[in-house]
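What follows is a set of notes on a single structure, which appears directly below.
Number of protein chains: 4
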Amino acid sequence: MPQKKRLNVGLIGYGFMGKVHSNAYLQAPRFFDLPYQPVLKAVCARTPEKAKEFAANWGYESVESDWRALVRRADIDLIDIASPNDTHAEIAIAAAQAGKMVCCEKPLARSAAEARPMVEAVEKAGVANMVWYNYRRVPAVALLKKLLDEGRFGRIFHYRSQFLQDWTISQDLPQGGQALWRLDAAVAGSGVTGDLLAHNIDMALYLNGPITEVTAMTETFIKERKHNLTGKVAPVTIDDASAFLCRFENGSLAMFEATRYARGHKALFTLEINGERSSATWDLHDMHRLGYFDHRDPGEVRGWRSIHVSDGDQPYMGHWWVPGLQIGYEATFIHQLADFLIAAGGGKSIGPTFRDGLATDYVTDAVLKSARSRQWEKVEGQ
Amino acid sequence: MPQKKRLNVGLIGYGFMGKVHSNAYLQAPRFFDLPYQPVLKAVCARTPEKAKEFAANWGYESVESDWRALVRRADIDLIDIASPNDTHAEIAIAAAQAGKMVCCEKPLARSAAEARPMVEAVEKAGVANMVWYNYRRVPAVALLKKLLDEGRFGRIFHYRSQFLQDWTISQDLPQGGQALWRLDAAVAGSGVTGDLLAHNIDMALYLNGPITEVTAMTETFIKERKHNLTGKVAPVTIDDASAFLCRFENGSLAMFEATRYARGHKALFTLEINGERSSATWDLHDMHRLGYFDHRDPGEVRGWRSIHVSDGDQPYMGHWWVPGLQIGYEATFIHQLADFLIAAGGGKSIGPTFRDGLATDYVTDAVLKSARSRQWEKVEGQ
Amino acid sequence: MPQKKRLNVGLIGYGFMGKVHSNAYLQAPRFFDLPYQPVLKAVCARTPEKAKEFAANWGYESVESDWRALVRRADIDLIDIASPNDTHAEIAIAAAQAGKMVCCEKPLARSAAEARPMVEAVEKAGVANMVWYNYRRVPAVALLKKLLDEGRFGRIFHYRSQFLQDWTISQDLPQGGQALWRLDAAVAGSGVTGDLLAHNIDMALYLNGPITEVTAMTETFIKERKHNLTGKVAPVTIDDASAFLCRFENGSLAMFEATRYARGHKALFTLEINGERSSATWDLHDMHRLGYFDHRDPGEVRGWRSIHVSDGDQPYMGHWWVPGLQIGYEATFIHQLADFLIAAGGGKSIGPTFRDGLATDYVTDAVLKSARSRQWEKVEGQ
Amino acid sequence: MPQKKRLNVGLIGYGFMGKVHSNAYLQAPRFFDLPYQPVLKAVCARTPEKAKEFAANWGYESVESDWRALVRRADIDLIDIASPNDTHAEIAIAAAQAGKMVCCEKPLARSAAEARPMVEAVEKAGVANMVWYNYRRVPAVALLKKLLDEGRFGRIFHYRSQFLQDWTISQDLPQGGQALWRLDAAVAGSGVTGDLLAHNIDMALYLNGPITEVTAMTETFIKERKHNLTGKVAPVTIDDASAFLCRFENGSLAMFEATRYARGHKALFTLEINGERSSATWDLHDMHRLGYFDHRDPGEVRGWRSIHVSDGDQPYMGHWWVPGLQIGYEATFIHQLADFLIAAGGGKSIGPTFRDGLATDYVTDAVLKSARSRQWEKVEGQ
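Protein chains in written order, with our numbering: chain A, 8 to 389; chain B, 8 to 389; chain C, 8 to 389; chain D, 8 to 389.
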């Protein structure tokens, strides 16, 4: 085997996403043939003990407490941003200016206005960049994309997508601080719109093309919660639920919805697409299955197929086990990283790039604007 | 057994709905203990041969070709309107004025303006009346209603409902005439909004209470079709797809959608309701099953239950077979008729009454209005 | 319409099966074009009040309390036997000798020895005959039969079938008498072997051909129950559970099982068949769906199809509603009666005939024999 | 963090199982708090190039081509046997005699006679030992075990388990050699009985206790295949399909089946257990779901629950992601290794030990014997 080029990774953030990304750097080279060998060089976090513990568990060689120091390090090739949303822009721009590859958690930023300079920075610097919209790399979703690209669906009439959770229903749950910054709009930008709908939208843009206009509604079911930083009850600033109708450039109609108040659903990310000839469904709770209907099947045996996407001739699965055996959530990050490194090895970026992340932010901006204006709103930047 | 009172039925229309209603009059007394014995006295249709054939098959004693003649007959106790939507108002009002019980196919009329005098007529006449929104009487739906009424769900956050079909996708399908009047807005009032969404809305008002405001979009995917009455290609006047976001009086958010362009779905009427403690799902393609989630189950064994609604202690099922055995679509009409006749025997009307039918028309009016105005529209008449 | 020939029906038994058969005589001519118009001429039962009540509900013109008197009546064309198993042979033979058509509930008799003279009697008399193995006429099953006959499956490797119930688990349930004769071997012949497995076997013989040999086990989980006729606790004489392995003449291997001790299953009759190219599954709890897998589909979109058998081009469904709408359990009897009358109108019998019923009895005999002998046993009469 | 004790691993075999085991040694310490830090010290394989390539990918420090040399190495603490079945006994015994911990792929050996000395060896040496029956550590299965241990099911009546595959249907598939030794009885011991049924049996013994007697049938559908080692067509020596009925010591009845000729199923390992109060189902194609029915639920809302086993309070899942997100097949090996190392750290072995592996071999022996004798056969060694 030829010696692989070492790629020194500097990770910022050590929460849930830090864990998932670290796992991807370790696992990707064992299952995929990559032009780079990622090396876990440094992890950066404000609390040194936490960072050290994280580094020990995952094998990071060093620890930083100031992201600026990390970005300045000459021995770092790639900056991975897994810290809260309000930190993405500043870090990403600095990293790009320092000539690092940049991988950023989603959403790219709290708004399109904040995201736009990030895109400019990475494009000006010419550094490989991506946003961790990992669900594009679920094998069943990748298969669906392939089927769409083959023209099996014909004209598209409808698209639907939901992200349903139920973990914030209790009034007793506080908001804010390290554990719950997703419930604080100042840090997160918005509630479920940026946290969950952003996934639905990225996937939709990927599969069905640009969205032109939206009409939306949002709701905050629980109006006040104790804030973790102050210890005091304060108004809740995020949207607990967000839904919108929209039209795509290809003429199809769509409905999107995300909520953390759908009792019984843990992380039910769903999608359905209806075309002239074929339709498909997918959801995250059984993420290895693709629902597929083909009207060209003979009438009497026509039906929805449940495709167990685990065969070697299905996307990514030849790298894993044997037919019938599932892979986990973490594999979607491994796939994305593998695709990214292969593209980067050839001097290219692969979607979702920062520019793709910005496209999603334009849609979430339009959704939030429409919820306020109670009007149809055009999606900008298309 | 005591002698039952004979109830002479006059049916107007002999299409699909005429068949289903006739079956209900014959079957209801065999499975339910009713205060009346329905007698198929007369069927009315414009084409005498068709009416005679229909009468022979179902056992109607006589045939009429003019509905006015039928309504005038002293030996008719109940007028059942199963003719196209543009005929409902005139017939229903005349029947009420003649003192007959009136059962009318849904939607009650082409608009709330047309429906309002119908409500006034039956209420003024004091005649028993109902609209054939049959799906309330699916046993699984009736069970859901009972669970909601018992307070098992707590505060309601979300409601969703779809009616997905795929039978008009072909450009070759003509519009209008006897077979396809549902594709002609002059006769039907609207497209999927009145034909399909009306079912979703009636069910939602029944289960979740009044809707206050909506924002909607509609689309006509195929703009021109041959018209059966003229033989010429003419603009399509109906909505092929219709979707709306709305808010209910109880504070919950909802999404509704109906289309005849969802490839792979024949008659997929779905609903989901999410409450603080419980959630439920149901769909027409497996109409004997109720999905139910109860957060009060112990955490480690919490999951969605698939309730096979076929036991004697579940609604209506004690009248049928043994546990595990399904009933058909037609049973929903039998149940509705049985409930109606039992109520009528006690001098009462039972929902969905004409007034309930009007409430649905107010919502469909708001949906169509919003699709034109591109604004949120209040639902009138609440 | 031409005048149909009247066919006078005499029914023996008024229990669950009497109800289902009566419904079929009334409904079949409304949904199918038949050469006969069935007339509910007489119902026979030992208790006159029960018979009168049943006659009033279903519209029987007269009542008999002695089946011999019924069989002697010149105005009866068809004898329908819906009484307990121990009465089938004597009635059927007398009816055949009287030249009546004979429809008999399953199993044909308590043993093949008892059934053989019944077959001889109807064949000697040349009367149309059938056994009410109704599940062959589930549309999804009829579709499966058609697909098999078209050669879509290739060589068959495996067949599996279960009938799982849970209604006798309680120790408090008594045995015997009118309500629970199925728990009394003297009346029923056996327990689940004759009551449930007989359905599985008839279907298997129909779909997959003759069975050559079996090895079986049976169990009586609850050894003593109060007997309804004596009021005393007595040994339970039936098999509560019965399972067997077998080989078919076509070389395939199979497993069968029936039990009334499978908690959570009401009437879960299942089947699966695996062929070289295709496989299929079906179950009674969602009886309108056929699972179908076709290996000739392209690899990456290969999956199990869930076929919602409700379209006009699928077996029987053109006689009912519109695509997407289900039919009930009772429809299987209507279909069987319609097929029987159409065949009888042409002077023919159609399966399952008495001879087919005997074939099933040969298999259940072998199963019970093997459970005693603890040996593989050949199936006789093949 | 305290320094962990290093545990030097020597792996024998580099096929599919070598890959899965290696992954477990690398991943377990990142997700579980273990008393040992596994070190990938050496991999052993007959072909040095293959071994080097494997070592480079997984990070093994050294390579051996003779397992005896590996077993002799003082720097090896644990021998992991992932080579074909005919090598297990000799290696395991030598490893035990050398005082190493031993982890052996399943089945433990080609027969109980071959396995017995292995058990004696590890027990005499007092070394920690386990057999890689990984499916006990699927979180849904572990949850089921917990529910059973809590007494939720009451008396058990039935157990069923299948392992259905379809990858050997083609006549063109050869047998034997490195790639297909599972099709060669001399190497594998048997066909699906040892390869697949062994999984079903281990799980059943774990969940439902000892099996007392069996009656079985096996079949070889394709009688001759080209042999990879000779290049000549030769008789197929393995069983392609294997099925048996049995009784458990607890009085329950059971059916087991494994085949590689069930078209449409890739690796469909299923189980169902029916108790007096509760029932449960599980299958490998959706391995994160547990079906659970509890008769103590109120009648009208009783139904099968689909438990998405992905919450922190469900077995193992607190070590992974967040609720709603799946884990992969490989996680079952990680869990087993973690449990094994934790037990070994405390000086104990945890099931499935070699003794447990022997218990399964006794059952598979009885199955193969019964298939030949056509008799019920007692299970030895109980």
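Just so you know, even glycine gets a beta-carbon here, dropped at the ideal spot from N, CA and C. Bear in mind the structure is a predicted one, so any value in this text is a computation, not a measurement.
With contacts defined as CB atoms closer than 7 Å, Ala378(B) and Thr225(B) qualify as a contacting pair.
Under the Cβ criterion (8 Å, minimum of three pairs), the stretch 352 to 370 of chain C does not count as touching the stretch 52 to 62 of chain C. Secondary structure in the stretch 19 to 103 of chain B: the beta strand (DSSP E) runs of 3 residues or longer, each lying completely within the stretch, are 43 to 51, 69 to 71, 85 to 88 in chain order. Checking the DSSP bridge columns, you'll see Val138(C) partnered with Cys111(C). Cβ atoms of Ala345(A) and Ala35(A) come within 8 Å of each other, at about 5 Å.
Remark: C-beta atoms of Val46(D) and Asn15(D) approach each other more closely than 7 Å. In this structure, the alpha-carbon of Ile98(A) lies about 33 Å from that of Asn64(D). According to DSSP, Phe300(D) shares a beta bridge with Ser286(D). Glu256(D) counts as exposed, since fewer than 16 other C-beta atoms from the protein chains shown sit within 10 angstroms of its C-beta. The CB of Trp311(C) comes closer than 7 Å to the CB of Arg312, Ser313 in chain A, given here in chain order. Within a 10 Å sphere around the beta-carbon of Pro242(A) sit fewer than 16 other beta-carbons, which makes this residue exposed.
With its beta carbon at least 7 Å from every one in chain D, Tyr67(A) lies outside the interface. Excluding five sequence positions before and after Val329(B), none of the CB atoms of its chain fall closer than 6 Å to its own CB.
A contact is defined here as three or more CB-CB pairs under 8 Å, and the stretch 270 to 285 of chain D meets this definition with respect to the stretch 169 to 186 of chain D. Per DSSP, the beta-bridge partners of Tyr166(A) are Ala261(A), Ile280(A).
Following the DSSP letters along the chain, one finds Glu121(B) inside the alpha helix (DSSP H) bounded by residues 119 to 132. Separation of Met24(B) and Ala120(B) (C-alpha to C-alpha, rounded to the nearest whole angstrom) is 24 Å. Cβ-Cβ distances below 6 Å link Thr244(D) to Ala192 in the same chain, with the five nearest sequence neighbours on each side left out; the list follows chain order. Neighbours of Val78(D) in chain B, taken as residues whose beta carbon is under 9 Å from its own, are absent, since the nearest beta carbon is some 43 Å off. Scanning chain C for C-beta atoms nearer than 7 Å to the C-beta of Asp293(B) yields Asp293, reported in chain order. By the 16-neighbour rule on beta-carbons within 10 angstroms, Glu157(B) is exposed. For Gly271(B), a Cβ of chain A is located within less than 7 Å of the residue's own Cβ. At least one C-beta of chain B is nearer than 7 Å to the C-beta of Thr222(A).
Contacts with chain D (Cβ-Cβ distance below 9 Å) from the stretch 323 to 356 of chain A involve Trp327, Trp328, Val329, Pro330, Gly331, Leu332, Gln333, Ile334, Gly335, Tyr336, Glu337, Ala338, listed in chain order.
The beta-carbon of Asn92(B) is placed no less than 7 Å from the nearest beta-carbon of chain C.
Contact with chain C is found for Ala274(B), since one of that chain's Cβ atoms lies less than 7 Å from the residue's Cβ.
Residue contact check for Arg37(D) against chain A: a CB pair falls below 7 Å.
Excluding residues up to 5 positions away in sequence, Thr339, Phe340, Gln343 lie with their Cβ nearer than 6 Å to the Cβ of Asn141(C) in the same chain. Per DSSP, Leu155(B) is one residue of the alpha helix (DSSP H) stretching across 146 to 156. DSSP lists no bridge partner for Leu375(D). Here Ala122(D) is not near Leu252(C), since their CB atoms are 7 Å or more apart. For Asp209(C) and Asn30(D), the gap between their C-alpha atoms comes out near 51 Å. Shown here for Trp74(B): same chain residues with a beta carbon closer than 6 Å to its own, the five before and five after excluded, namely Ile19, Cys51, Ile98 in chain order. Not a single C-beta of chain C is nearer than 7 Å to the C-beta of Glu112(A).
Comparing C-alpha distances from Ile100(A) to each of Ser380(A), Phe361(A), Thr219(A) shows the shortest one belongs to Phe361(A). Under DSSP, Lys233(C) shares a beta bridge with Val240(C).
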